[in-house]
Every structure is written in C-alpha cells, then in structure tokens.
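Enquirer:
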Amino acid sequence: MTITLRMAWRNLWRHKRRTWLTVGAMIFSNLILIFSISLQLGSYRMMIDNTLKSYTGHMQIQREGYNEEPKMRSSVDAIIPLANEIRRRLDSNTVAARGVAFAMTSSEERSYGLQIIGVEPEYEPNVSTLPGLINTGSYFSDANAEEIVIGSVLARNLRVDIGDEVTLLGSGHDGSFAAGIAIVTGIFESGVAEIDRSMAQLPIGYFQNLFGMAGRGHHIIINAPELSQVSALQRSISAMITSRDKLIVLDWEQLQPGLKQAIQADFTSAWFMYGVLIVLVAFSVLNTQLMSVLERTREFGVMMALGVKPARLGSLVITETVVMSGLGLGIGAVLGIAMTWYLSIVGFSYPGMEEMADRFNLPERMYPSLSFLSIMLGPSVVFLFSLLASIYPSVRLFFLQPVIAMRAV
C-alpha cells in the first residue's frame, strides 16, 4: 500500500459520520440504479414478448415487398408444406403459416369491414396469445372447418353470438369475387378495441378455399425460444429458404420499427431521472471533499512548506474520492445484484396486475433482467461523476499559499 493510499484511508476516517453519509448515498444510488435499470430492461423484454406474441411474432417469412405494401397477390406458394419443413428442421412447434385478406362481414342485421387472418389451428396458439383470449366459445376444431373467431366489439356490432352464421364477401387472390358463410365458434377480447372490432380468424384451409389461394399464404410466423436468439435463428432460416425465389426473413425490428423506437425513447427519458440522482450524489461528494480540504488548510500549508508539491496533495484528495467511491460501488453493487437476482427468479407483482394478466393472457409477475449492462452502467456513471466532483477541491490546492495557509485556524 503506497503512502498516498495510506494517508487517504486515514483521512477518510477522521470524520467517520461524514464519510459514511457520503458512502451511504453512493451505496443507495448504486443499488437503486442496478435494480431500476434491470427492471426497465426486464419490462422491455416482457413488453416486446407480449406485443410480438399477440400477432407479429419474433420473425416472419414473407414475399419480398409484402411488408412495405401488403397485397393479396404477394403470396408464398405452398405455404403449409414450407411451414412443415421449417418445423421439422428446427424441431419446433412455434412456427405457423398465415394468410391475410380483407372482407365485408355481414350478419342478418349489420355489415362491417375487417381483416381476416387464415391460421393453422394446431400451431397458432404456439405463436400467438389471441387463442387464449377467447372468453366465449372455443377455438377451431379443424383446419378446413367453416368456422370463424371474432372480437367482442365486432360481435356486439354484428349482434351475433356463438353458433350464429356470418357472411363473408371479399376479393380473391386472382381478383375474383369471394363469398362464403362461417359459423361463429369463438369470441375473443384482447382489450384493444381496434383489434376486437376489426380482426377475425378463419382456419387456413377454409381461408384458402374462400379466397382462391390454391395452397398459398402470406407469411409464416416463427418465434425463437428467447429474444436474444432471434438474430441467429433468422440467419439459419434464411439459409433454409435460399432455394425459394423472392422469399425473405424479417425480424421483429424490421416488422415493428416503432416498437424499438418507443423503447429507445423511454430508456432515454428514464436517464433524466437517473441523472438527477447521480448529480445529487456528485454534489454530496463535492461537499464532503471541499469541507475536508478547507478543514485541512493549515495541514496542507505545512506540508507544502516542507516541500510537498500541490500535485501530490491533489492526488491525495482524488485518491480519497476513489477509495470512498470504490466502497460505495462495491457494497452498492453487491446489494443491488443480490436483490435484483432474487427478484429476477421469484418475480414480483403490484396490486391489480394478476387480474389484468388473467384478462389479457399476460404473465402474472414481472422479472428484472440482470445483465452486465444493468450491473455496470449505473455504478460506472456514479463512480465517474464522483471523480469529476473531486477535481474542484483538488485544483484549489494549486492556488494555496503556504504562509497564509499555515495561519488558518
């Protein structure tokens, strides 16, 4: 241990209460930052998963140009065999083919336009939360059944219930007139009025027959086991479909760029509050070190008269700050990691969360996401700002006059 470090350690404990108050502020801020950033990242992960599993999926196989301009004719040939091949090669059931069309839906009393989604009944529940949102009736019994699942708002608007028939009128794949009748077997409630009013699902076999798709569809949804595996899985699937002309694989960031932008904006705004906490800690360090320098003015004057250079004294003050910040970072990080790690395993909920989760088919508990970023980001910034706060007290020593300083009380 160098003499500078020994002196710094001794000086810190001259005023134990003041030192512990400053270190305590650092411990608290580091603990809060680790937990808050981890919770924020965990909530983003949950939000992404819930949003993507409601409809989009982690990635989709589409025809080139379909995402920019969805057209009925921009379809994928032999979509069911392709989906089966991908399921076999990935050894995964989180793969489902879909078709998309728009149609006029009519009951005996009313008519409304809506988006019709053709789905594989066996695999759709693995990639979407919508089948789990059915609160009246049941999901499809067969891929070719002439059945339809509609939203609660549309059911009220059409004044239909389970077992009632609705008429579907639209345009087929080749531009021909498409018409059919389907029996309402299920009514879902997502909590999003736009979805509940303007979206319905048909079994993909009936969808293809109704709209003259001839075995075609519009996209294949693929969900990865974890969000972090999306990029690797996307590359793997792209390699699988190289023999299929004009097919591409788009990940969720390409499919929903607005979601990523919203997360980035939220993370940036959160740092305003974190910044306030960090600045308060920095001012606490500045106050502690400035008081320490003022109290030791006579001592520093004597040391300078004996030949100690101001740079050496400045490094002593900075070393004191490093030791103090190191204590705050170490203890705060250990406590923050321990608390966050525990909650990342058991999770936690707030009042009303379980009821909301039940209603919207969402997870009942929140889990912080502990990572290298969440552990290092906040404490590193606190440490840096603490060092910056010690610069001013250190610089004052360069303007200290030994003769005047030795007369200080």
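Converting from the sequence shown to this note's numbering requires adding 176 to each position, the first position being numbered 1.
Note that beta-carbon positions come from the ideal geometry of N, C-alpha and C, so glycine has one too.
Just so we're clear, the structure is a prediction, and the values are computed from it rather than from any experiment.
Throw me the rounded Cβ distance for the residue 334 and residue 418 pair, which I believe falls under 8 Å.
Expert: The residue you call residue 334 lines up with position 158 of the sequence shown. The residue you call residue 418 lines up with position 242 of the sequence shown. With 8 Å as the limit, residue 334 and residue 418 do not qualify as a contact, their Cβ atoms being about 45 Å apart.
Enquirer: Jot down the residue ranges of each uninterrupted beta strand (DSSP E) in the region 341–386, minimum 3 residues, whole runs only, in chain order.
Expert: 341–347, 353–364 and 375–379
Enquirer: Please list, in chain order, all residues of the same chain as residue 251 whose beta carbon is under 6 Å from its beta carbon, the five residues on each side excluded.
Expert: Numbered from its first residue, the sequence shown carries residue 251 at position 75. Counting only Cβ-Cβ distances below 6 Å, and skipping sequence neighbours, we find 392 and 394.
Enquirer: Between the region 230–246 and the region 426–437, do at least 3 Cβ pairs fall closer than 8 Å?
Expert: A contact exists between the region 230–246 and the region 426–437.
Enquirer: Curious, which full-length beta strand (DSSP E) runs of at least 3 residues does the region 277–330 contain?
Expert: 287–295, 310–313 and 323–327
Enquirer: Spatial neighbours of residue 372 within its chain, please: CB distance less than 8 Å, with the 5 preceding and 5 following residues excluded, ordered by chain position.
Expert: In the sequence shown, counting from the first residue as 1, residue 372 sits at position 196. So the qualifying residues of the chain are 327, 328, 329, 330, 364, 365 and 366.
Enquirer: Nearest by alpha-carbon distance to residue 302: which of 494, 508, 226 and 340 is it?
Expert: In the sequence shown, residue 302 corresponds to position 126, counting from 1. Among 494, 508, 226 and 340, the Cα nearest to that of residue 302 is on 226.
Enquirer: Pick out whichever of 478, 229 and 518 has its Cα sitting closest to the Cα of residue 576.
Expert: As a first step, residue 576 is located in the sequence shown; it is residue number 400 there, counting from the start. When only C-alpha atoms are compared, the closest one is 478.
Enquirer: Rounded to whole angstroms, how far is the Cβ of residue 279 from the Cβ of residue 292, which I believe are closer than 8 Å?
Expert: Counted from its first residue, the sequence shown places residue 279 at position 103. Counted from its first residue, the sequence shown places residue 292 at position 116. For a cut-off of 8 Å, the C-beta gap from residue 279 to residue 292 is around 5 Å, short enough to register as a contact.
Enquirer: For residue 458, name the three-state secondary structure that DSSP assigns.
Expert: Taking the sequence shown and counting its residues from 1, one reaches residue 458 at position 282. Helix.
Enquirer: If you draw a straight line from the alpha carbon of residue 340 to that of residue 360, how long is it in whole angstroms?
Expert: Here residue 340 refers to the residue found at position 164 when the sequence shown is read from its first residue. Here residue 360 refers to the residue found at position 184 when the sequence shown is read from its first residue. Taking the straight line joining both Cα atoms gives about 6 Å.
Enquirer: Write down the C-beta distance between residue 317 and residue 550 rounded to the nearest angstrom, noting that I regard them as a contact closer than 8 Å.
Expert: Within the sequence shown, the letter at position 141 stands for residue 317. Within the sequence shown, the letter at position 374 stands for residue 550. About 46 Å separates the two Cβ atoms, so there is no contact after all.
Enquirer: Within the continuous beta strand (DSSP E) that includes residue 210, where are the two ends?
Expert: Sequence index remark: in the sequence shown, residue 210 carries index 34 (1-based). Residue 210 -> not in any beta strand (DSSP E); alpha helix (DSSP H) instead, spanning 192–227.
Enquirer: Alpha carbon to alpha carbon, how far is residue 259 from residue 286?
Expert: Indexing the sequence shown from 1 puts residue 259 at position 83. Indexing the sequence shown from 1 puts residue 286 at position 110. Going by the C-alpha atoms only, they are around 37 Å apart.
Enquirer: DSSP on residue 587, reduced to helix/strand/coil?
Expert: The question about residue 587 has no answer here: the residues shown for the chain are numbered 177 through 585.
Enquirer: Our contact map puts residue 497 next to residue 563 with C-beta atoms below 8 Å; I'd like the distance itself, whole angstroms only.
Expert: For the purposes of this step, residue 497 is identified with residue 321 of the sequence shown, where counting begins at 1. For the purposes of this step, residue 563 is identified with residue 387 of the sequence shown, where counting begins at 1. Between residue 563 and residue 497 the Cβ distance is about 6 Å, and since that is below 8 Å, they are a contact.
Enquirer: From the DSSP output, read off the bridge partner residues of residue 273.
Expert: By 1-based counting over the sequence shown, the position of residue 273 is 97. DSSP lists 396 as partners of residue 273.
Enquirer: Tell me which residues share the same chain as residue 321 and place their Cβ nearer than 6 Å to its Cβ, disregarding the 5 neighbours each side in the sequence.
Expert: Taking the first residue of the sequence shown as 1, we reach residue 321 at position 145. Taken in chain order, the residues that qualify are 379.
Enquirer: Taking the alpha-carbon positions, what's the residue 205 to residue 457 distance?
Expert: Taking the sequence shown and counting its residues from 1, the one referred to as residue 205 is at position 29. Taking the sequence shown and counting its residues from 1, the one referred to as residue 457 is at position 281. When rounded, the distance between both Cα atoms is 8 Å.
Enquirer: Between which two residues does the alpha helix (DSSP H) carrying residue 239 extend?
Expert: As a first step, residue 239 must be located in the sequence shown, where it is residue number 63. For residue 239, there is no enclosing alpha helix (DSSP H); the residue is part of the beta strand (DSSP E) that begins and ends at 235–239.
Enquirer: Quick check on the burial criterion: 16 or more other C-beta atoms within 10 angstroms. Buried or exposed for residue 440?
Expert: As a working mapping, residue 440 is identified with position 264 in the sequence shown. That one is exposed.
Enquirer: Taking the alpha carbon of residue 455 as the reference point, which residue from 183, 518, 201 and 486 has its own alpha carbon closest?
Expert: As a first step, residue 455 must be located in the sequence shown, where it is residue number 279. If we check each option's Cα against that of residue 455, 201 comes out closest.
Enquirer: Taking DSSP's pairing of strands, which residues face residue 542 in a bridge?
Expert: Taking the sequence shown and counting its residues from 1, one reaches residue 542 at position 366. As DSSP reads the structure, residue 542 sits in a beta bridge with 524.
Enquirer: Measuring alpha carbon to alpha carbon, tell me which of 503, 573, 388 and 191 ends up nearest residue 275.
Expert: In the sequence shown, the residue the question calls residue 275 occupies position 99. Per the Cα distances, 388.
Enquirer: Going by the CB atoms, is the gap between residue 547 and residue 217 shorter than 8 Å?
Expert: Numbered from 1 along the sequence shown, position 41 holds the residue referred to as residue 217. Numbered from 1 along the sequence shown, position 371 holds the residue referred to as residue 547. In contact: residue 217 and residue 547 (Cβ atoms closer than 8 Å).
Enquirer: Who are the Cβ neighbours of residue 220 in its own chain at under 6 Å, not counting the five residues just before and after it?
Expert: Locating residue 220 in the sequence shown gives position 44, where the first residue counts as 1. If we look at residue 220 and ignore the five residues flanking it on each side, its Cβ neighbours are 439.
Enquirer: Do residue 194 and residue 516 have their CB atoms nearer than 8 Å?
Expert: As a first step, residue 194 is located in the sequence shown; it is residue number 18 there, counting from the start. As a first step, residue 516 is located in the sequence shown; it is residue number 340 there, counting from the start. No.
Enquirer: Suppose you measure from the CA of residue 183 to the CA of residue 492; what does that come to, to the nearest Å?
Expert: Against the sequence shown, residue 183 aligns to sequence position 7. Against the sequence shown, residue 492 aligns to sequence position 316. Approximately 8 Å between the Cα atoms of the pair.
Enquirer: Nearest by alpha-carbon distance to residue 199: which of 459, 542, 522 and 570 is it?
Expert: Mapped onto the sequence shown, residue 199 falls at position 23. The residue with the shortest Cα to Cα distance from residue 199 is 459.
Enquirer: On the premise that residue 473 lies in contact with residue 581, defined as a C-beta separation below 8 Å, what is that separation, rounded to the nearest angstrom?
Expert: Translated into the one-based positions of the sequence shown, residue 581 becomes position 405. Translated into the one-based positions of the sequence shown, residue 473 becomes position 297. At roughly 5 Å, the Cβ-Cβ gap stays under 8 Å, so residue 581 and residue 473 are in contact.
Enquirer: Considering only residues of the same chain and omitting the five flanking positions on each side of residue 443, which have a CB-CB separation below 8 Å?
Expert: The count along the sequence shown starts at 1 and reaches residue 443 at position 267. Around residue 443: 216 and 220.
Enquirer: By the three-class DSSP mapping on this structure, what secondary structure does residue 252 have?
Expert: Residue 252 sits at position 76 when you count from the first residue of the sequence shown. Strand.
Enquirer: Residue 489 to residue 559, Cα distance in whole Å?
Expert: Taking the sequence shown and counting its residues from 1, the one referred to as residue 489 is at position 313. Taking the sequence shown and counting its residues from 1, the one referred to as residue 559 is at position 383. Their Cα atoms are separated by approximately 21 Å.
Enquirer: Which two residues bound the contiguous alpha helix (DSSP H) that contains residue 568?
Expert: The count along the sequence shown starts at 1 and reaches residue 568 at position 392. Taken as a continuous stretch (DSSP letters only), the alpha helix (DSSP H) holding residue 568 covers 567–572.
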